[in-house]
Amino acid sequence: MSTVAFTCPRCFFTANVSEELRYCPHCGLPDAMDAALDHEPIEVTVGSQRFEVFDRIEIGAISTIYRCRFQSTGREVEGIFKIARDPRVNELIENEARFLRRLHAAPEAARFTAFLPAIEESFRFGDGSSVRRQANILRMHPEIRSPDELYSLVEIKAQYPDGLDPRDVAWIWRRLLSVIGHVHAHDIVHTQVLPMHVLVEPREHKLVLVDWCCAQSLVEQRAPTIISGGYRAWYNRAGGATEPATRGLDIDFGARCMIDLMGGDPVAETFPLNLDPALQRYFQRCLSPKSPGSTDAFRLLADFDHLIETLWGPRKYRPLELAPKSRK
Ligand SMILES: Nc1ncnc2c1ncn2[C@@H]1O[C@H](COP(=O)(O)OP(=O)(O)OP(=O)(O)O)[C@@H](O)[C@H]1O
Ligand SMILES: [Mg+2]
1 MSTVAFTCPR CFFTANVSEE LRYCPHCGLP DAMDAALDHE PIEVTVGSQR
51 FEVFDRIEIG AISTIYRCRF QSTGREVEGI FKIARDPRVN ELIENEARFL
101 RRLHAAPEAA RFTAFLPAIE ESFRFGDGSS VRRQANILRM HPEIRSPDEL
151 YSLVEIKAQY PDGLDPRDVA WIWRRLLSVI GHVHAHDIVH TQVLPMHVLV
201 EPREHKLVLV DWCCAQSLVE QRAPTIISGG YRAWYNRAGG ATEPATRGLD
251 IDFGARCMID LMGGDPVAET FPLNLDPALQ RYFQRCLSPK SPGSTDAFRL
301 LADFDHLIET LWGPRKYRPL ELAPKSRK
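Heads up: the sequence shown begins at 1 in my numbering, then just goes up one per residue.
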């Protein structure tokens, strides 16, 4: 049975517990939301807006993610209800809302906000009997109709354990570099460009970079970089790019995601044997320590386009086959 890190929002008891756990083993507090959702959707009202929260997608390290439904500009939309698992991380959920709002407000936002979730609401959730936890309601691009259309790179790797064809990886990398480049142009770094945060829609080749809880501004006072569970070796390998976080960190991690996806070893920095040596050199260049130009996402994108056109000719659409998602 798989286990997850658990911290009780009432008594702060912390342990690895079964994913099935519904009650704090120390104080017995049920996660009121999960328990209620066993029976029917929960209705959450914020101001005059009503959100129907109806099933859990993921228990993350700091938050629990549910599906939700609401009215937006006259039509029903499916989005994400993300709530802190512990009130001590409320600030991180607020941090996500702050950075996403800032990015969506950018003058040229229309060029890149399809790659980012949007904040519909950010608020404290809970009644008087429990400590109030911060929650974000996130909306995806209107053409992504449901969270079911999105697959994380972890999910894709599970379906292609021997590695994805580099021609499929190419469109994912091009979109990832593009969103990273736009975000960096605003002096913001994501700091956790990791496989579970890169979501793609395989049919129309859309991409969304999620989890902005640990984003940082390069020009404001800096919080320490938070190391995401299971990826300590990546932070160690990224060396000087981690503390304080730099643009190079996002690019380094993005490149490790691609190496992993192609069936290489993102920690040992080895590539699948049949990967063209020019592509190997290219991805090697994206990793820390830095070579000139290797922290500039737009330049890396232009270089990549040039390289793949040389290798494979003009770009053309390739469908990526993935099994439909089964709901947990
Ligand atoms: N819009 C979405 N559509 C589908 N899945 C999503 C969406 N947003 C998040 N997820 C899934 O939920 C997971 C957890 O979300 P997020 O990273 O925002 O929270 P977290 O508490 O930091 O979790 P983790 O510790 O797993 O990173 C993501 O890694 C992703 O797989
Ligand atoms: Mg996360």
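Beta carbons are placed, not taken as given, at the ideal position from N, Cα and C, and that holds for glycine. Bear in mind that the values here come from a model prediction, so they are computed numbers and not experimental data.
Examine chain B for any beta-carbon lying closer than 8 Å to the beta-carbon of residue i, and answer yes or no.
i: aspartate 276; result: No chain B is part of this structure, which consists of one protein chain only.
How is residue i classed by DSSP in three states: helix, strand or coil?
i: asparagine 95; result: helix
i: valine 344; result: Residue 344 lies beyond the range of the chain shown here (1 to 328); nothing can be said about it.
i: arginine 329; result: Look at the range of the chain in this structure, 1 to 328, and you will see that residue 329 is not part of it.
i: arginine 124; result: strand
i: aspartate 305; result: helix
i: phenylalanine 6; result: strand
i: leucine 199; result: strand
i: alanine 114; result: helix
i: threonine 310; result: helix
i: phenylalanine 81; result: strand
i: phenylalanine 298; result: helix
i: arginine 88; result: helix
i: alanine 15; result: strand
i: arginine 50; result: strand
i: arginine 318; result: coil
Taking 7 Å as the cut-off, does the CB of residue i come closer than this to any heavy atom belonging to ligand 1?
i: proline 87; result: no
At a cut-off of 7 Å, would you count residue i as near ligand 2, judging by its Cβ distance to the nearest heavy atom?
i: histidine 190; result: no
Legend entry - Sufficient close CB pairs (3 or more, under 8 Å) joining the stretch 46-66 to the stretch 87-101: With the cut-off at 8 Å, the stretch 46-66 and the stretch 87-101 touch.
Inset, instruction - Would you be able to state if there are at least three C-beta pairs under 8 Å between the stretch 234-247 and the stretch 150-168? - result: The stretch 150-168 is not in contact with the stretch 234-247.
Legend entry - Inter-stretch contact (C-beta, 8 Å, three-pair minimum) for the stretch 222-237 and the stretch 159-172: No, because fewer than three Cβ pairs between the stretch 222-237 and the stretch 159-172 fall closer than 8 Å, the two stretches do not touch.
Legend entry - alpha helix (DSSP H) segments (min. 4 residues) lying fully within the stretch 130-193: Correct list: 153-159, 166-185.
Legend entry - Minimum length 3: unbroken beta strand (DSSP E) runs contained in the stretch 205-292: Correct list: 206-209.
Legend entry - Under 5 Å, CB to nearest heavy atom of ligand 1: contacting residues: Taken from the N-terminal end onward, the list reads Glu58, Gly60, Ala61, Ile62, Ser63, Ile65, Ile80, Pro147, Leu150, Ser152, Met196, Val210, Asp211.
Legend entry - Contact between the stretch 110-120 and the stretch 169-180 (3+ Cβ pairs under 8 Å): With a cut-off of 8 Å, the stretch 169-180 and the stretch 110-120 count as touching, because enough Cβ pairs lie within range.
Legend entry - Inter-stretch contact (C-beta, 8 Å, three-pair minimum) for the stretch 216-223 and the stretch 269-288: Between the stretch 216-223 and the stretch 269-288 there are fewer than three C-beta pairs closer than 8 Å, too few to call the two in contact.
Legend entry - Validate contact between the stretch 70-83 and the stretch 46-57 using beta carbons, cut 8 Å, 3 pairs: Yes, they touch.
Inset, instruction - Decide yes or no for the touch test of the stretch 185-200 against the stretch 249-258: beta carbon pairs closer than 8 Å, at least 3 of them. - result: Flag = yes, the stretch 185-200 and the stretch 249-258 touch.
Inset, instruction - Assess, as a yes-or-no matter, whether the stretch 308-322 is touched by the stretch 202-216 under the definition of 3 or more beta carbon pairs within less than 8 Å. - result: Counting C-beta pairs with one atom in each stretch, the stretch 202-216 and the stretch 308-322 have three or more that are closer than 8 Å, which means they touch.
Inset, instruction - Could you tell me whether the stretch 257-264 touches the stretch 295-313, using the rule of 3 or more Cβ pairs below 8 Å? - result: The way I'd put it, the stretch 257-264 doesn't touch the stretch 295-313; fewer than three beta-carbon pairs between them come closer than 8 Å.
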